[in-house]
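*Asks:*
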Amino acid sequence: MQGTLRKQLLNTLSGLTPPICPDADMDDTPRLDACADENEYASRVVEVGMQLALRRRMEARRGEIEDALARMDTGVYGVCEDCGDDIGMARLLATPTARLCVHCQSERETAQYLRCA
Ligand SMILES: [Zn+2]
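The sequence shown begins at 241 in this note's numbering and counts up one residue at a time.
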């Protein structure tokens, strides 16, 4: 089963855009003088912000997948990082990058919710 999950993770990884090159020209900052008017400038600011958020999410996703593959290589994949129990196969099939069992994940989310409430 882990072979299937590895293939799924590698497939997802290959579908992500390439990692951001640290040397790449990342100056996407909109310039007011390069826009026709303030409305275009505002639209450009929103667009750049959305692209940046997508890039960050993509990088986070890439990291989650690479971490899961590393856990497979070291033999700790599918073991809950909090309690040490096995993470259920149904959970791994639904979320192959899961690091916690359903119980521990639920506890964390409840604690996070209570902190925010
Ligand atoms: Zn657990």
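Ideal Cβ placement from N, Cα and C applies to all residues, glycine included.
Measuring straight from C-alpha to C-alpha, what distance separates E280 and M290?
*Replies:* 15 Å
*Asks:* With 16 as the cutoff for other CB atoms within 10 Å, does A357 come out buried or exposed?
*Replies:* When all chains shown are included, A357 counts as exposed.
*Asks:* Which value, in whole angstroms, describes the spacing of the CA atoms of T337 and R246?
*Replies:* 10 Å
*Asks:* Looking only at its chain, what residues have a beta carbon closer than 8 Å to the beta carbon of D326, apart from the 5 residues adjacent to it on each side?
*Replies:* G318, V319, C320, C341
*Asks:* Compute the distance between the beta-carbons of L256 and R301, then report whether it is under 8 Å.
*Replies:* Contact: yes.
*Asks:* Just verifying my parser: in three-state terms, what is the DSSP assignment at D307?
*Replies:* helix
*Asks:* Which residues neighbour ligand 1 when neighbourhood means a C-beta less than 6 Å away from any of its non-hydrogen atoms? List them by chain order.
*Replies:* C320, D322, C323, D325, L340, C341, H343, C344
*Asks:* If we call anything under 8 Å between Cβ atoms a contact, is M329 one with M241?
*Replies:* yes
*Asks:* Alpha carbon to alpha carbon, what distance is there between P258 and T314?
*Replies:* 25 Å
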